[in-house]
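Those protein sequences? They're chains D and A, same order as listed. Under our numbering, the first residue of the first sequence carries the number 8, and numbering increases by one thereafter. Under our numbering, the first residue of the second sequence carries the number 243, and numbering increases by one thereafter. Glycine is no exception: its CB is placed at the ideal position from the N, C-alpha and C atoms. Notes follow the structure.
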Amino acid sequence: RVLTPSRDLFNRSCFYVTIISLTIRSVDRLVRSCCGRDRAMGGRRVASVCGLFLIIFASTLNCVRADDAELDNEHALHGQIYTELSGTNVCVKLVNQDGPIGCDSSFYSGTTAPFSNYIASAADLAWFLSRAPHDPYLAVVAQNMYTTGTVNSLLASGKVEGLLVVGNATRPAEFSPASEYPNQGYGLYEKPLFKWNPQGNGFNLRWFNMPMVFLTNTTDMAAVRRGALLNSPATPTGDSPGWPLWGARMKWLMHAGNDLTACLRRDYCEPLGGRNVWATVAGLPRFDPAVKSKTPTTRQTIMVTTAMDSNALFHDLAFGADADASGMAVLLGVAGALGTGLAPSDKAALERNVLFVGHDGEYYGYIGSSSLAYNMEQSNIPVPGVNVTHVLDIQSVASPAVAAGGQFFHTEPADAALPAQQALVAALKAAAASRGAQLSDADNTADVGLPPTALQRYIKQARAGGRSVAGVAFTDHRRAYTNAFAQSVFDTYPDNVAPADGDQYGLCALANTIAETVYTLAAGEAADPVVAAGLSANCTRIHQYLECFSSDWTCPLFKELVPNLQLSAANAGKPQNRYVSVYRVDGLYTSVFLSALAVESAISKVWVGNDTKACAGKQNHFYLDEWCYNSTQHTTNALSPAFDWDGSHYYVKDALADGNSQFTESNWDNDVPFLVEVFLVPSYTSTIVTLVVGFIVLAASIAGVYLGIRHMSSVLNVKND
Amino acid sequence: MTLAVVFGCSMITFSFPLAVFAMWIRKSPELVILMISSGFLWLLSILISSGLWFAVSPWKDDFYWSVCVSVFFQEISRVIFFLIVWKAEKGLASVGSIKLDTMAKQKFAFVGGLGVGSMGAIFLLESVLGEAGGPGTIQSPGCTNISFFVISCFIGCAFVYLHTFWMVIAMDGFFYKRYWQSLLVVALHFGSSLLTVANAEGLDCAVSLAPLFAEVLLTGGMSYYVTKRAHDRPQATAVN
């Protein structure tokens, strides 16, 4: 408006007063030098008086710097025009051997476009596709319309330069951004055999080349929804509102280009990875003299594994209740059953050791399991000569379908005839029967093979070494996934897991079954049926693990397990994301799982009552629920065997590139890497019109002034000489 | 793309002062110095009024009162400018070797007004142009078709003219003791400043722009008239 006094005005006038007083002095000098003393006499007086006056003034005045942005008119104007969103839940850029994946924006100025209408129904979408005139747009889609069909038709229309999903309470019927053949090319099979995820749309591996964000923050959602609604037609068949339209600028600052080798060399991208977590039930030969008596180098090991991480197109929202928090909960139940159910003498008597493993990065080409299998082969892990003979992998086991269908176990058809495999399956079936678990054989035929599971990697590694591995993979589906939201933001608790019944979705019976099977195999000849029958997983704890991991990390169980977890109160009731992220960054979920596994699989425990500090400071000791546990938990690096470090950069080892994960994530600046600001977008024409009007005014001014000067000189004798 | 708006807006507001400067003022050093000095004095007045605003709390919240205080100090600066020009002319006359221009007073007044107007426009547009360069726009509360930036630039343009013509009329009043002219200018200044507040209140932008430009024409005509009168009926060359 008009120049009202304000702090900003004060600052600016103060600043300019100082500047101009100095200018006047120099102008004065200029004039004196070029035009002679006398001529400049009058002007000099003026200049000198002003200059002197103001240099004194300015020097005695303390020019105040306004730090108070609210009072500052200039910042107030910026805040009135732009609304900056929180910049979370974005789709980022990944690069692998096939090129770029995910999202990015135009590098320098970002992507600026108006919002589409608020697409919350099929009619809205149809209107947008057929009648929206001012493309390109940033599509604004309500959560209930966030489906494969919607996204694909928006992208195919060519009218969309970006996507904002506005969360609401309604979920679509199904949505899975994973591939139809998850992890195809990284497992046992060269060609895809069976479409395990038929509802998969492959978005997790697709190169969108546009910025996308999923809004969950209330103020963000309100700002975007309001803008999109203002851009919507008044009636479902009406016309689009005219310019100016509400829109946004979405500016991502991803450094990586589109080529893997180049971005690795320039440090613009980093390999995905993290840490695997493992613990043994019976101590390690190196540490436990009682165990040393067995032959360490040939001692066979049974591995019980699960995936710790999860995935979603928007990495901040990878909560994974079914995939794979359910697997984590069951594995911890098994570890607990064996950890507490076996006396130290039983553990010492085991013929085979039992290794519990949480893999990291499984959804990006089995990063964790390929890494561990490779390192065990190379004897690179702390336990030398681990001879893995059995692998039991626990995948998603709690989809809503298990309430009716129960769980399934899968086996590799080509290994069906192996004696170890047959023994494993027999033991499993017996245990399932005795525990009353609803666990069925998935009957994997040769044209179907195994579903996506870490077991594939261990079989692959074993075969490459001329050995074999007996294994089963546990899932909640016999053939196609029963999880309609695999690897998506909608795989949440409690909506995407089976409703709780007396036995907590059948997970407890499953955990007991696996524990009994593992004991039977591990104890071998010395298996005691009484001990086997007495193994009992802590059913309540299993449920708590599932709930805590996938919905609320501030639960009491986690507070006790990991006292320095230190999540702020704002996180109460909210799940934390379990996206694997880059190798350099260790996911918080690995620390929590580590503590949980340590407690459950403990070699020994001591009752300490309420003394929570009794365990503190002792290595490998963890406190939970009045007991102090001593365990053998460790972590190993989870980095795809395809990557190596040459001292300054990561690079791909060509010999190991094929069939191994080569996923990397782009680097970005720390300063506002994802900028989404909402504002009113002017039409291109209006800006050009302003420019043209400016030129017209300029021309008119020049003409007018010229004529005016002529008139003044001739008629009114107002000359300049 | 909105760089177009920045250039367009700048041209709308500054075409006139730049044209006058380039084609006339630049040839005479006194005029250049006078232009800067008047702007400078005006700056001082703004400094004082905002300093007072800063210091005196009740005024911070009252929009109209702070506008009035600001206008008051601007008028004071006008009086000071007049005094400076008056003294300068005396100084020039005392030297004697300089051929005095009969229309010097009017020239000084015009240039002084232009300086004030230009400086005012710079201040008005400083924050506006900064934001106009960004991708977002903001509508005027009154007319939603035209962006706030463009309206501000037109107001700035109007005020350049207004300040110029006000100075001519007021100085004519001071020099020839027709004080009612100066008082008229003061009244017009108050009125115009308060009129721009109407734009903020949500009234149609025509409510503030049309009267402003009408006033430009009016005061332009008045300035031409007083200048012509001074030419046709010259007073004594020595100022009184």
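Residue i - DSSP class collapsed to helix/strand/coil
{"i": "residue 488/D", "result": "coil"}
{"i": "residue 405/A", "result": "helix"}
{"i": "residue 475/A", "result": "coil"}
{"i": "residue 384/A", "result": "coil"}
{"i": "residue 302/D", "result": "The pLDDT assigned to residue 302/D is 47, lower than 50, so where the model puts this residue is not dependable; a value taken from the coordinates is nonetheless given after this. Of the three classes helix, strand and coil, the one that applies to residue 302/D here is coil, per DSSP."}
{"i": "residue 66/D", "result": "Reliability fails at residue 66/D, whose pLDDT of 44 lies under 50, so the model's placement of it is uncertain and no value is given."}
{"i": "residue 282/D", "result": "strand"}
{"i": "residue 464/D", "result": "helix"}
{"i": "residue 268/A", "result": "helix"}
{"i": "residue 117/D", "result": "coil"}
{"i": "residue 551/D", "result": "helix"}
{"i": "residue 338/A", "result": "Model confidence at residue 338/A stands at a pLDDT of 49, short of 50, so the residue's coordinates are unreliable; what they give is reported in the following sentence. Three-state result, residue 338/A: coil."}
{"i": "residue 581/D", "result": "coil"}
{"i": "residue 463/A", "result": "helix"}
{"i": "residue 193/D", "result": "coil"}
{"i": "residue 414/D", "result": "strand"}
{"i": "residue 633/D", "result": "coil"}
{"i": "residue 480/A", "result": "Confidence is the limiting factor: at residue 480/A the pLDDT is only 40, short of 50, which leaves the residue's position unreliable and the question unanswerable from this model."}
{"i": "residue 675/D", "result": "strand"}
CB contact below 9 angstroms: residue i versus chain A
{"i": "residue 712/D", "result": "yes"}
{"i": "residue 684/D", "result": "yes"}
{"i": "residue 693/D", "result": "yes"}
{"i": "residue 697/D", "result": "yes"}
{"i": "residue 87/D", "result": "yes"}
{"i": "residue 239/D", "result": "no"}
{"i": "residue 708/D", "result": "yes"}
{"i": "residue 722/D", "result": "yes"}
{"i": "residue 219/D", "result": "no"}
{"i": "residue 383/D", "result": "no"}
Test: residue i CB closer than 9 angstroms to a CB of chain D
{"i": "residue 406/A", "result": "no"}
{"i": "residue 249/A", "result": "yes"}
{"i": "residue 285/A", "result": "yes"}
{"i": "residue 324/A", "result": "no"}
{"i": "residue 468/A", "result": "no"}
{"i": "residue 432/A", "result": "no"}
Chain D residues whose Cβ lies nearer than 8 angstroms to that of residue i
{"i": "residue 377/A", "result": "116, 119, 256, 686, 688"}
{"i": "residue 244/A", "result": "689, 694"}
{"i": "residue 257/A", "result": "701, 704, 705, 707, 708, 709"}
For residue i, the first and last residue of its enclosing beta strand (DSSP E)
{"i": "residue 559/A", "result": "Any question about residue 559/A goes unanswered here, given that chain A covers just 243 to 482."}
{"i": "residue 250/D", "result": "Segment: none, residue 250/D is in no beta strand (DSSP E) and carries neither H nor E."}
{"i": "residue 309/D", "result": "307-314"}
{"i": "residue 479/D", "result": "477-482"}
Start and end residues, alpha helix (DSSP H) containing residue i
{"i": "residue 661/D", "result": "661-664"}
{"i": "residue 250/A", "result": "245-265"}
{"i": "residue 718/D", "result": "691-722"}
{"i": "residue 271/D", "result": "267-272"}
{"i": "residue 435/D", "result": "426-442"}
{"i": "residue 401/D", "result": "Looking at the DSSP string, residue 401/D is not in any alpha helix (DSSP H); the run it does join, the beta strand (DSSP E), is 394-401."}
{"i": "residue 203/D", "result": "Per DSSP, residue 203/D belongs to no alpha helix (DSSP H) and is neither H nor E."}
Contact list for residue i against chain D, beta-carbon separation under 7 angstroms
{"i": "residue 254/A", "result": "700, 701, 704"}
Proximal residues of chain A, C-beta to C-beta of residue i below 9 angstroms
{"i": "residue 84/D", "result": "369, 370, 372, 373, 380, 390"}
{"i": "residue 679/D", "result": "Ordered by position in chain A, no residue passes the 9 angstroms Cβ test against residue 679/D, which lies about 15 angstroms from the chain."}
{"i": "residue 716/D", "result": "262, 265, 266"}
Amino acids of chain A, ordered along the chain, whose beta-carbon sits closer than 8 angstroms to that of residue i
{"i": "residue 24/D", "result": "282, 285, 286, 289"}
{"i": "residue 251/D", "result": "379, 381, 389"}
Proximal residues of chain D, C-beta to C-beta of residue i below 9 angstroms
{"i": "residue 416/A", "result": "By Cβ distance, chain D contributes nothing, its closest Cβ being about 16 angstroms from residue 416/A, past 9 angstroms."}
With a threshold of 8 angstroms, are at least 3 pairs of Cβ atoms found where one atom belongs to the stretch 434-454 of chain D and the other to the stretch 160-169 of chain D? no
Kindly confirm or deny that the stretch 87-100 of chain D and the stretch 680-698 of chain D touch, where touching means at least three C-beta pairs closer than 8 angstroms. yes
Is it the case that the stretch 140-152 of chain D contacts the stretch 116-127 of chain D, given that we only count it when at least three CB pairs across the two stretches are under 8 angstroms? yes
For the stretch 370-378 of chain D against the stretch 185-201 of chain D, are there 3 or more C-beta pairs whose distance is under 8 angstroms? yes
Hey, is the stretch 213-233 of chain D in contact with the stretch 657-666 of chain D, meaning 3+ C-beta pairs nearer than 8 angstroms? no
Would you call the stretch 127-140 of chain D and the stretch 698-708 of chain D in contact, with 3 or more CB pairs under 8 angstroms? no
At least 3 beta-carbon pairs within less than 8 angstroms: the stretch 648-661 of chain D vs the stretch 624-636 of chain D: no
If contact is defined by three or more beta carbon pairs under 8 angstroms, each pair taking one atom from either stretch, is the stretch 353-365 of chain A in contact with the stretch 250-269 of chain A? Because the criterion of three Cβ pairs below 8 angstroms is met, the stretch 250-269 of chain A and the stretch 353-365 of chain A touch.
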